[in-house]
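J.: The structure's right below; bear with me while I get my questions together.
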Amino acid sequence: MKTNPIILAGIIFGVLTGSAMTAEPSRGKAVYESNCIACHGTGVAGAPKVGDSGRWSVRIKSGMAALYASAIKGKSAMPPKGGNPALSDDDIRATVDYMVAQSGAGKPSPAASTAKPAAAKGAAPVEKAEISRPDPVGAAVTTAAPLVPPAMAASEVNRFNRLLMPVGRRHPPPAEDGIHDPSNDATHVLQPPLDAYTGFPPGPAGNGVDWVKTLEQGKIKPRYDRKDPNAAPVVMDLNIVREVKGSMPDVVYPHKQHTEWLDCSNCHPAIFIPQKGANQISMAQILLGQKCGVCHGKVAFPVSECRLCHSKKKPMGVAQTGKN
Amino acid sequence: MRPPVLLLTTLLGILLALSGAPAGAEYGDVVLNKRAEKEGVRPVVFPHWFHRIRFRCKVCHNELEFKMRAGANDVLMADILDGKFCGMCHNGRIAWGPENCDLCHSGKPGLPTGILGGHGTSGPGRW
């Protein structure tokens, strides 16, 4: 029974922190960034964009309760809870509060407050708290990244690269990454990503590692079998070219790089019917986490690396002449 | 023409995701918090980058039948102690055992279940 004290500590910790967390605005932000930004960051499928105060102030007239209900139950192109049933109703409410506040539509303007004062009441304090922040970027930094020096003095505001994240701040060690609890002793035992990546061929995005090359060059030898370190993967070398309308280069889907990591049944038939051309794939689906987007943008290299997928130049002379 | 508009929205989305992302979690980190916090322990943080150095995706997502969708697996501590899920490896033989609660239960309180990782992640898998 030597684990008892640890369990106890865990429970006490949970109880101590549990009560304070529900109203935390950073929770709404975190849910938004991991569940809603795909549509509400871009305006895909007619979703009101966060930051577009015009479109949000129209919606808020029906009251916060109505917005909560839409987000929980779903509305036209929006699936219930943005498609993540694991989220609680409280998560959704905190997220809607965050989105409304970020869109500048949460101001207690007469229109919004007279329409349905009763419904909006519950959310009002949260909105105010959000609104009083100087700007969205500043808010993001202060809530989620404690490693930023607390005094972001006037000179910092006009930093040369205001939005480009400095290299040193990418892949922070667990205790500083905003999701691990720094007050947990074990957090400091966890490996910092950059330590692990030393010597790996760099990649442009995601983990900042080119996993394909890292594997090819034998820098890592991930097991193919849980127990047997010598089991070899069944690699299939079959490229599928998908022609793309318009000016983007065609997509080459390589089975080789995928079967190095994955089993056929990870993709076939749940994600892709194993027949060339039998699957409808579009960028919108990928951005929403479907098809290639099940992995790319999650664990495999992100969608920002257009050229890795769109790798086959079009055989058309004229338009390409300006190329170097 | 239609494509340029699409392209623009795409790029815009990416730019937005890029600029909005705080110096946060490592790409591919998964928070598991369907039960943990309700049961009085911190949320679990599962680092993909760390495990993919040691195992192919297939080991967990095929052999061990971890569904490739954050939050889709109902993981109970009893199952782990029984040698299922994380417990297939975290059993004191392939990797350190389940008594090291705080190595797994290391998340900040209040984190929602889901995959994280700065730019490029656009919500849970939807398929």
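Which chain is which? The protein sequence lines are A and B, in order. Position one of the first sequence corresponds to residue 1024 (the numbering used here), numbered consecutively onward. Position one of the second sequence corresponds to residue 652 (the numbering used here), numbered consecutively onward. Ideal Cβ positions, reconstructed from N, Cα and C, are used throughout, including at glycine. Since this is a predicted model, take the numbers as computed values, not measurements.
#1: R1246(A) by DSSP, collapsed to three states: which one?
#2: How long is the line joining the alpha carbons of V1370(A) and V1274(A), rounded to whole angstroms?
#3: The beta strand (DSSP E) that contains N1262(A), what's its start and end?
#4: Could you check whether the Cβ of G758(B) sits closer than 8 angstroms to any Cβ belonging to chain A?
#5: For the stretch 1274-1293 of chain A, enumerate the residues whose C-beta is nearer than 8 angstroms to any C-beta of chain B, in chain order.
#6: Please state the DSSP three-state secondary structure of M1101(A).
#7: So the alpha helix (DSSP H) V1123(A) belongs to, where does it begin and stop?
#8: Determine the closest residue to V1257(A) out of V1212(A), K1250(A) and H1281(A), with distance taken between C-alpha atoms.
#9: Which residues does DSSP pair with Y1276(A) in a beta bridge?
#10: Which whole runs of the alpha helix (DSSP H) in the stretch 711-771 of chain B are 4 residues long or more, in chain order?
#11: Let me know the secondary structure DSSP gives K1335(A) once reduced to three states.
#12: If you draw a straight line from the C-alpha of D1218(A) to the C-alpha of P1196(A), how long is it?
#13: Terminal residues of the continuous beta strand (DSSP E) containing V1235(A)?
#14: Can you name the start and end residues of the beta strand (DSSP E) that D680(B) belongs to?
#15: May I ask you to list, following chain order, the residues of the stretch 1054-1072 of chain A that have a beta carbon less than 8 angstroms from some beta carbon of chain B?
#16: Are any of the Cβ atoms in chain A nearer than 8 angstroms to that of D753(B)?
#17: Beta-carbon separation of W747(B) and H741(B) under 8 angstroms?
#18: Which residues in chain A have a C-beta closer than 7 angstroms to the C-beta of L762(B)? List them in chain order.
#19: How do the stretch 1196-1207 of chain A and the stretch 1283-1294 of chain A stand: do at least 3 beta-carbon pairs fall below 8 angstroms, yes or no?
#20: Pick helix, strand or coil for F697(B), following the three-state DSSP scheme.
#21: Let me confirm a value: P1173(A) is counted as buried when at least 16 other C-beta atoms fall within 10 Å, else exposed. Which label applies?
#22: In its own chain, which residues sit with a C-beta less than 6 angstroms from the C-beta of I745(B), not counting the 5 before and 5 after it?
#23: What does Q1298(A) reach in chain B if we use C-beta pairs closer than 9 angstroms?
#24: Beta carbons nearer than 8 angstroms to chain A: which residues of the stretch 735-746 of chain B have them?
#25: Please classify F1183(A) as buried or exposed, where buried requires at least 16 other C-beta atoms within 10 Å of its C-beta.
#26: Indicate the three-state DSSP secondary structure (helix, strand or coil) for L662(B) in the structure shown.
#27: Report yes if the C-beta distance between P1272(A) and K1335(A) is below 8 angstroms; otherwise report no.
#28: Measuring only between beta-carbons, confirm whether L727(B) sits less than 8 angstroms from chain A.
#29: Measure from the alpha carbon of Y1276(A) to the alpha carbon of each residue in G1086(A), G1269(A), M1259(A) and P1292(A), then state which is nearest.
#30: Could you say if the stretch 712-729 of chain B and the stretch 1227-1241 of chain A meet the contact criterion of at least three C-beta pairs nearer than 8 angstroms?
#31: Kindly list, in the order they appear in chain A, the residues whose Cβ is closer than 9 angstroms to that of F701(B).
#32: Could you tell me whether any Cβ in chain B is nearer than 8 angstroms to the Cβ of Y1247(A)?
#33: Quick one: Cα of K1052(A) to Cα of A1307(A), how far?
#34: Taking the straight line between their C-alpha atoms, what separation do you get for P694(B) and G1077(A)?
#35: If we define contact as Cβ-Cβ less than 8 angstroms, is Y1250(A) a contact residue for chain B?
#36: By the three-class DSSP mapping on this structure, what secondary structure does P1205(A) have?
T.: With the structure as the only source:
#1: Your numbering for residue 1246(A) matches position 223 in the first sequence. The three-state reading of DSSP puts R1246(A) in strand, counting E and B together.
#2: No answer is possible for residue 1370(A): it lies beyond the span of chain A, which begins at 1024 and ends at 1347.
#3: Looking up residue 1262(A) in the first sequence gives position 239. In the DSSP assignment, N1262(A) falls within the beta strand (DSSP E) that extends over N1262 to R1265.
#4: Your numbering for residue 758(B) matches position 107 in the second sequence. Output row for G758(B): interface = yes.
#5: Cβ contacts with chain B: E1283, W1284, L1285, D1286, S1288, N1289 and A1293.
#6: If you number the first sequence from 1, residue 1101(A) lands on position 78. Three-state DSSP puts M1101(A) in a strand.
#7: For the purposes of this step, residue 1123(A) is taken as residue 100 along the first sequence, with counting starting at 1. Note, V1123(A): alpha helix (DSSP H), D1112 to Q1125.
#8: Along the first sequence, read from residue 1 onward, the residue named residue 1257(A) stands at position 234. When each option's Cα is compared against that of V1257(A), the closest is H1281(A).
#9: Taking the first sequence and counting its residues from 1, the one referred to as residue 1276(A) is at position 253. Y1276(A) pairs with I1263(A).
#10: Complete alpha helix (DSSP H) runs here, min 4: 728-732 and 752-755.
#11: Walking along the first sequence from the start, residue 1335(A) turns up at place 312. In this structure, K1335(A) counts as strand in the three-state DSSP scheme.
#12: Working through the first sequence from its first residue, we reach residue 1218(A) at position 195. Working through the first sequence from its first residue, we reach residue 1196(A) at position 173. Their Cα atoms are separated by approximately 9 angstroms.
#13: As a position in the first sequence, residue 1235(A) is number 212, starting the count at 1. Note, V1235(A): premise wrong, no beta strand (DSSP E); alpha helix (DSSP H) at W1234 to E1239.
#14: What you label residue 680(B) is simply residue 29 of the second sequence in a count that begins at 1. Looking at the DSSP string, the run of the beta strand (DSSP E) that includes D680(B) is D680 to L683.
#15: Correct list: V1054, E1056, S1057, N1058, C1059, I1060, A1061, G1064, T1065, G1066 and V1067.
#16: Within the second sequence, residue 753(B) is the residue found at index 102, counting from 1. Under the Cβ distance rule, D753(B) counts among the residues neighbouring chain A, one pair being separated by less than 8 angstroms.
#17: The residue given as residue 747(B) occupies position 96 in the second sequence. The residue given as residue 741(B) occupies position 90 in the second sequence. Yes, these two residues count as a Cβ contact at 8 angstroms.
#18: Taking the second sequence and counting its residues from 1, one reaches residue 762(B) at position 111. Residues of chain A with a Cβ closer than 7 angstroms to the Cβ of L762(B) are, in chain order, A1053 and I1202.
#19: Touching, no, given that fewer than three Cβ pairs across the two stretches are closer than 8 angstroms.
#20: Within the second sequence, numbered from 1, the residue matching residue 697(B) stands at position 46. Judged by DSSP in its simplified three-state form, F697(B) adopts strand.
#21: Looking up residue 1173(A) in the first sequence gives position 150. For P1173(A), the predicted model reports a pLDDT of 38, less than 50, meaning its position is unreliable; a value from the coordinates is still stated below. Counting the other CB atoms within 10 Å of its CB gives P1173(A) a total below 16, which places it among the exposed residues.
#22: The sequence position of residue 745(B) within the second sequence is 94, counting from 1. Result list for I745(B): empty, nothing under 6 angstroms.
#23: Stepping through the first sequence from its first residue, residue 1298(A) is reached at position 275. Here the premise fails: no neighbours, minimum Cβ distance about 18 angstroms.
#24: Correct list: M739, C740 and I745.
#25: For the purposes of this step, residue 1183(A) is identified with residue 160 of the first sequence, where counting begins at 1. Looking at its Cβ environment, which holds fewer than 16 other Cβ atoms inside 10 Å, F1183(A) is exposed.
#26: Stepping through the second sequence from its first residue, residue 662(B) is reached at position 11. Here the model assigns L662(B) a pLDDT of 43, short of 50, so the residue's position is not dependable, and the following value carries that caveat. Three-state result, L662(B): helix.
#27: Position 249 of the first sequence, counted from the first residue, corresponds to residue 1272(A). Position 312 of the first sequence, counted from the first residue, corresponds to residue 1335(A). Contact: yes.
#28: Taking the second sequence and counting its residues from 1, the one referred to as residue 727(B) is at position 76. The beta-carbon of L727(B) is placed no less than 8 angstroms from the nearest beta-carbon of chain A.
#29: Position 253 of the first sequence, counting from 1, holds the residue named residue 1276(A). Selected option, being the one with the closest Cα: M1259(A).
#30: Because the criterion of three Cβ pairs below 8 angstroms is not met, the stretch 712-729 of chain B and the stretch 1227-1241 of chain A do not touch.
#31: Here the question's residue 701(B) lines up with position 50 in the second sequence. Chain A residues near F701(B): L1213, Q1214, P1216 and A1219.
#32: Stepping through the first sequence from its first residue, residue 1247(A) is reached at position 224. True, the Cβ-Cβ gap to chain B drops below 8 angstroms.
#33: Residue numbering aside, residue 1052(A) sits at position 29 when the first sequence is read from its first letter. Residue numbering aside, residue 1307(A) sits at position 284 when the first sequence is read from its first letter. Whole-angstrom Cα-Cα distance: 23 angstroms.
#34: By 1-based counting over the second sequence, the position of residue 694(B) is 43. By 1-based counting over the first sequence, the position of residue 1077(A) is 54. One C-alpha to the other measures close to 37 angstroms.
#35: Taking the first residue of the first sequence as position 1, residue 1250(A) is located at position 227. The amino acid occupying residue 1250(A) in the given sequence is Lys; Tyr does not appear at that position. With 8 angstroms as the cut-off, K1250(A) counts as an interface residue toward chain B.
#36: In the first sequence, counting from the first residue as 1, residue 1205(A) sits at position 182. P1205(A) carries a coil assignment under DSSP once its states are collapsed to helix, strand and coil.
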